[in-house]
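Notes follow once the structure below has been shown.
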Amino acid sequence: MSTDTIRTHVETLTEARRAYTDRLRRVGPREGHVIVHTRLDTRVYAPIEIRIAAARAAIRRARRSHTVHVHDATGRDGIAMRVVHVRYAPDTWDDVKDAVDIYEIPVHTLTAL
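Numbering (my numbering), first residue to last: 570 to 682.
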């Protein structure tokens with residue numbers, strides 16, 4: 570592959586990621602989905618959407634041995650949200666001292682189950 574082809578591919582992926590992130594900020598998650606923000610040490614990753622069942626399972630697993638805080642809040646668009654802050658223990662991953670996941674869960678998603 571030539572350098573120009575690789576550069577074009579990377580730019581396309583970057584634009585797609587930016588468009589996806591902008592849509593999440595404007596519209597919020599799809600019905601039955603949760604937005605997850607991840608930070609490992611100083612690296613901040615783009616928010617992703619996961620299904621509510623996967624989020625509940627991940628939060629339940631995290632409660633066993635990690636610090637989990639649940640907060641009620643109002644979203645950017647006025648929707649009631651439950652924000653779950655998970656701080657993982659320092660020995661969870663190799664070469665990562667500080668790992669945090671933040672789940673933005675719309676309350677209507679929880680009551681629809």
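Positions of the beta carbon are idealized from the N, C-alpha and C atoms, including for glycine.
Just so we're clear, the structure is a prediction, and the values are computed from it rather than from any experiment.
Going straight from the alpha carbon of residue i to that of residue j, what length do you get?
i	j	result
THR607	GLU580	23 Å
VAL655	ARG587	25 Å
THR643	VAL652	9 Å
LEU679	ILE621	8 Å
ASP573	LEU582	14 Å
ALA627	VAL605	11 Å
ASP663	GLU618	25 Å
GLY672	VAL613	Rather than Gly, the amino acid found at residue 672 in this sequence is Tyr. Spanning the two alpha carbons is a distance of roughly 14 Å.
ARG632	THR577	43 Å
Leaving out the 5 sequence neighbours to the left and right, which residues in its chain are closer than 8 Å to residue i when beta-carbon positions are compared?
i	result
ILE648	GLY597, PRO675, VAL676 and HIS677
THR661	HIS635 and ALA668
GLU584	none
Leaving out the 5 sequence neighbours to the left and right, which residues in its chain are closer than 6 Å to residue i when beta-carbon positions are compared?
i	result
ALA658	HIS635
HIS640	VAL652
For residue i, which residues in the same chain have their Cβ closer than 7 Å to its Cβ, ignoring the five residues on either side in sequence?
i	result
LEU609	VAL665 and ALA668
In this structure, does DSSP put residue i in helix, strand or coil?
i	result
ALA649	strand
ASP573	helix
HIS635	coil
ASP664	coil
THR678	helix
THR583	helix
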